[in-house]
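One structure below.
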Amino acid sequence: MEAAQQLKTLIKSFAEGDDAHFYAVAMQMAAAEARNGNQKLADDLVRTIDQAKSKTHQANGLLKKLPVNGAQKDLNELLDLIKPHVTLSNMILEDSIKQGLVRLIEEQKKIDLLLRHGLAPRRKLLLVGPPGSGKTMSASVIAAELGLTVFVIRLDGLISRYMGESISKLRLIFDSMKQFKAVYLFDEFDSIATSRTDSNDVGEIKRVLNSFLLEIEKDQSDSIIVAATNLPQALDTALLRRFDDIIKFSLPNSPQIVEAFEEGLKVLEHLIYFNLASTVRERAEGLSYDDIFHICAELVKESILYGDSQITKELLVHYIDKRKSPFK
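So the sequence shown is numbered by our numbering: it starts at 453 and just counts up by one.
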């Protein structure tokens, strides 16, 4: 990417508030300076980027407070804010998954039309699939497409050892959905939604599940409720009918693996002189999207830190194998 195009992309990312892409392009510019022999400038750029990221993180910490009052102050310990920046076009998804997300987004965008016909739009979604398959990112995409905030429910803060306190906290969360329209994500949902016939379950968890069933059944807010789980078989069957749609995620297949690596290494394509597709197609089988983008990030950092003139096949294979077998 030429310097002018990089600058154009940088300005566009800043205007859209896309911090992740802004910093990624800035790091690309630093990598380009390193390759051109301007190591001091590259180091200065990396240092400036790191300082800016730190300040952004501190500023975002101030945003992690939902405007509440009185008894609702406990929400500050229950909700974490995510600033969505990834859109649907940025994600590599199976058609069935994309169709499910698009349908919810379209119904939300045309909510007035549906309501005029006496129909309620989809807004309660259950996402199931292995870790790193895109469930959490999908919640962020829904929020970005609808111009909403994402609040992740901290389930560790929800469960209390005191009888009844967990239920009160859960009620606060559902009350906030009425006051503040957003995407509310219950990640690792199975931790509170296991079958009520599970003999190993503790009493407080069962009470929380019963309360959740009641709250989600009567919820009439405008907020989007997304629950994500890696263990759908552990969920209480009574939950399933409470959701408007259930979307199943899976690990990427061979074409998707290739596409994910090509996307993740797009900024380094001019440094790759081997057949990327044939290298990763089988070697990376079994990796999640999260694994793949982690590997790509490591290769980008290699280029930035050491000013490599090319990315070798051996280096890519090293990071793939390390990700697949981290303790070998």
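For each residue, glycine too, the CB sits at the ideal point set by N, CA and C.
- Relative to the Cα of residue 675, the nearest Cα in the group 627, 490, 486, 607 belongs to 627.
- Leaving aside the five residues that flank residue 729 on each side, the residues in its chain whose CB is nearer than 6 angstroms to its CB run, in chain order, 710.
- Within the same chain, 703, 776 come within 7 angstroms of residue 738 by CB-CB distance, once the 5 residues on both sides are set aside.
- A Cβ-Cβ distance of about 13 angstroms is found for the pair residue 637 and residue 596, leaving them out of contact under the 8 angstroms criterion.
- Between the alpha carbons of residue 535 and residue 599 lies a gap of roughly 10 angstroms.
- Shown here, residue 696 sits in coil according to DSSP, grouped into three states, outside any helix or strand.
- Under the 10 Å beta carbon count, residue 779 is surrounded by fewer than 16 other beta carbons and is classified as exposed.
- In this structure the region 766-773 does not touch the region 490-504; the number of beta carbon pairs closer than 8 angstroms is below three.
- Under the DSSP assignment, residue 603 falls outside any alpha helix (DSSP H), being part of the beta strand (DSSP E) whose first and last residues are 602-605.
- One Cα belongs to residue 532, the other to residue 608, and the distance between them is close to 12 angstroms.
- Each of 745, 658, 622, 740 was checked against the Cα of residue 528, and the nearest Cα belongs to 622.
- In this chain, the beta strand (DSSP E) harbouring residue 636 covers 635-638.
- A direct Cα-to-Cα measurement between residue 503 and residue 720 gives close to 24 angstroms.
- For residue 705, the closest of 547, 480, 498 by C-alpha to C-alpha distance is 547.
- Of all alpha-carbon atoms in 484, 554, 581, 501, the one lying nearest the alpha-carbon of residue 682 is that of 581.
- By the 16-neighbour rule on beta-carbons within 10 angstroms, residue 587 is buried.
- Per the C-alpha coordinates, the member of 756, 543, 677 positioned closest to residue 604 is 677.
- In this structure, DSSP gives residue 678 an extended state, which the three-state scheme calls strand.
- Cβ contact annotation for residue 724 (same chain, cutoff 6 angstroms, sequence separation greater than five): 763, in chain order.
- In this structure residue 543 touches residue 593 by the C-beta definition: roughly 6 angstroms separates them, less than 8 angstroms.
- The straight-line gap separating the alpha-carbon atoms of residue 657 and residue 643 is approximately 8 angstroms.
- Within the DSSP bridge table, the entry for residue 580 names 681, 700 as partners.
- In the three-state reduction of the DSSP assignment, residue 642 falls in the helix class, which pools H, G and I.
- By alpha-carbon distance to residue 691, the top candidate from 551, 559, 578, 727 is 578.
- Residue pairing for residue 532: DSSP places it in a beta bridge opposite 604.
- Beta bridge pairing from DSSP links residue 763 with 724.
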